[in-house]
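Visitor:
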Amino acid sequence: GDSVTQMEGPVTLSEEAFLTINCTYTATGYPSLFWYVQYPGEGLQLLLKATKADDKGSNKGFEATYRKETTSFHLEKGSVQVSDSAVYFCALSEQSGGGADGLTFGKGTHLIIQP
Amino acid sequence: ETGVTQSPTHLIKTRGQQVTLRCSSQSGHNTVSWYQQALGQGPQFIFQYYREEENGRGNFPPRFSGLQFPNYSSELNVNALELDDSALYLCASSLKRGLGDTQYFGPGTRLTVL
Chain A
1 GDSVTQMEGP
11 VTLSEEAFLT
21 INCTYTATGY
31 PSLFWYVQYP
41 GEGLQLLLKA
51 TKADDKGSNK
61 GFEATYRKET
71 TSFHLEKGSV
81 QVSDSAVYFC
91 ALSEQSGGGA
101 DGLTFGKGTH
111 LIIQP
Chain B
116 ETGVTQSPTH
126 LIKTRGQQVT
136 LRCSSQSGHN
146 TVSWYQQALG
156 QGPQFIFQYY
166 REEENGRGNF
176 PPRFSGLQFP
186 NYSSELNVNA
196 LELDDSALYL
206 CASSLKRGLG
216 DTQYFGPGTR
226 LTVL
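From first to last, the protein sequence lines are chains A and B. Under the numbering used here, read the first sequence as residues 1 to 115, first letter to last. Under the numbering used here, read the second sequence as residues 116 to 229, first letter to last.
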């Protein structure tokens, strides 16, 4: 079945540091890929997505490129802020035979940014 | 535009009881998906409803069931609660047009089973 593997946390960085959170996936077809963010006490928010190979999703300074050859969708940001502290989830969506496109999530990476 | 809302916020039940969780989808969305998020884990897909019919299911037993209403709101029912059912239950709505539709999540219902 489908699966998503992302780097274990917590990841602790200083403000203005460069961020990379690795994400690799296993899927039978051609999934859509997502990054969601979860701030303390809140639900999940979509950060960015890509629906086909070589697409780059971007939002709020974060970027990720859909790499089919390496089955990866690594999240990057050039200069992190304290407000970026949250849990980040990589996810994929691949329609099942019945048409449902439930998301398959990684375990999440807790990011801590220190001032 | 109203986002996805869920009720109640928190719930405490005992083993063997039944529970119903509710979700109101974002305006205009015809698809609702439910997820279970155990502490420290990523969400796990339970099932999806599209236009009032179950449209797909994850690896959850039949005691997890649901409904979607004509206004596209939804319920998740769990019978014969077990201790392992303690989790954050997330509802997400989307407008089903094809693969890759964005799912918008509610804040969740925290269920504790004692």
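Glycine residues also receive a C-beta, built at the ideal position from the N, C-alpha and C atoms.
Within 8 Å of any Cβ in chain A, is that where the Cβ of L205 of chain B sits?
Guide: Residue mapping note: residue 205 of chain B aligns to position 90 of the second sequence, counting from 1. Yes, its Cβ sits closer than 8 Å to a Cβ of chain A.
Visitor: Please confirm whether V11 of chain A and Y25 of chain A have their CB atoms less than 8 Å apart.
Guide: The residue given as residue 11 of chain A occupies position 11 in the first sequence. The residue given as residue 25 of chain A occupies position 25 in the first sequence. Contact: no.
Visitor: With T26 of chain A as the anchor, note down where its beta strand (DSSP E) starts and where it stops.
Guide: Within the first sequence, the letter at position 26 stands for residue 26 of chain A. Counting along the chain, the beta strand (DSSP E) containing T26 of chain A begins and ends at C23 to T26.
Visitor: Counting only runs of 3+ residues fully inside the stretch 144-179 of chain B, write out the beta strand (DSSP E) ranges in chain order.
Guide: Complete beta strand (DSSP E) runs here, min 3: 146-152, 159-165 and 168-172.
Visitor: If you follow the beta strand (DSSP E) that T124 of chain B is part of, which residue opens it and which one closes it?
Guide: Within the second sequence, residue 124 of chain B is the residue found at index 9, counting from 1. Where T124 of chain B is concerned, there is no enclosing beta strand (DSSP E), given that its DSSP letter is neither H nor E.
Visitor: Determine, using beta carbons only, whether N192 of chain B and G181 of chain B come nearer to each other than 8 Å.
Guide: Within the second sequence, numbered from 1, the residue matching residue 192 of chain B stands at position 77. Within the second sequence, numbered from 1, the residue matching residue 181 of chain B stands at position 66. Yes, they are a contact pair.
Visitor: CB-CB under 7 Å to I127 of chain B, same chain, minus the five flanking residues each way: which ones, in chain order?
Guide: Locating residue 127 of chain B in the second sequence gives position 12, counting from the first residue. T227 and L229, listed in sequence order.
Visitor: Listed from N- to C-terminal order along the chain, which residues in the stretch 145-159 of chain B have their beta-carbon within a distance smaller than 8 Å of any beta-carbon of chain A?
Guide: Listed by position, the residues of the stretch 145-159 of chain B near chain A (Cβ gap below 8 Å) are S148, Y150, G155, Q156, G157, P158 and Q159.
Visitor: Where does L198 of chain B fall in DSSP's three states?
Guide: As a first step, residue 198 of chain B is located in the second sequence; it is residue number 83 there, counting from the start. L198 of chain B falls in the helix class under three-state DSSP.
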